[in-house]
Amino acid sequence: MPKYFFHVRRNDVFEEDPEGIDLATPELAFEEATAAARDIVAERIRMGSRANGDTFEIMTEDGSLVATVPFRSAIRLD
């Protein structure tokens with residue numbers, strides 16, 4: 013099963029995910045990143061912190077970019 017890494021880009025800062033997670037497909041990796049972003053944004057809102065601006069960059073073990081998931085795309089504003 014492939015391993016996907018959920019790196020976070022915050023403005024010009026890149027935070028690497030050193031562990032990654034085993035998932036069967038890129039689509040599942042995208043769903044996992046979206047759910048994680050939603051949880052992070054919800055926690056930031058509860059804490060009174062800024063809730064947007066970050067992005068997950070989902071990469072494979074060989075460093076190939078699979079998808080980007082802006083945190084703001086994980087929440088519905090309507």
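Numbering (my numbering), first residue to last: 13 to 90. We put the beta carbon where it would ideally sit given N, CA and C, even for glycine.
### Message
Suppose contacts are defined by Cβ-Cβ distances below 8 Å. Is residue 86 in contact with residue 37 by that definition?
### Response
no
### Query
In its own chain, which residues sit with a C-beta less than 8 Å from the C-beta of residue 28, not counting the 5 before and 5 after it?
17 and 19
### Task
State the start and end residues of the unbroken alpha helix (DSSP H) segment that holds residue 59.
In this chain, the alpha helix (DSSP H) harbouring residue 59 covers 38-59.
### Task
Could you tell me the distance, in whole angstroms, from the CA atom of residue 40 to the CA atom of residue 26?
So the two alpha carbons sit approximately 23 Å from each other.
### Query
Given that a residue counts as buried once 16 or more other Cβ atoms are within 10 Å of its Cβ, and exposed if not, what is residue 66?
When all chains shown are included, residue 66 counts as buried.
### Message
So for residue 62, helix, strand or coil by DSSP?
### Response
coil
### Query
Quick one: what's got a C-beta closer than 7 Å to residue 62's C-beta in the same chain, skipping five residues either side?
56
### Task
Specify the secondary structure class of residue 88 as computed by DSSP and reduced to three states.
coil
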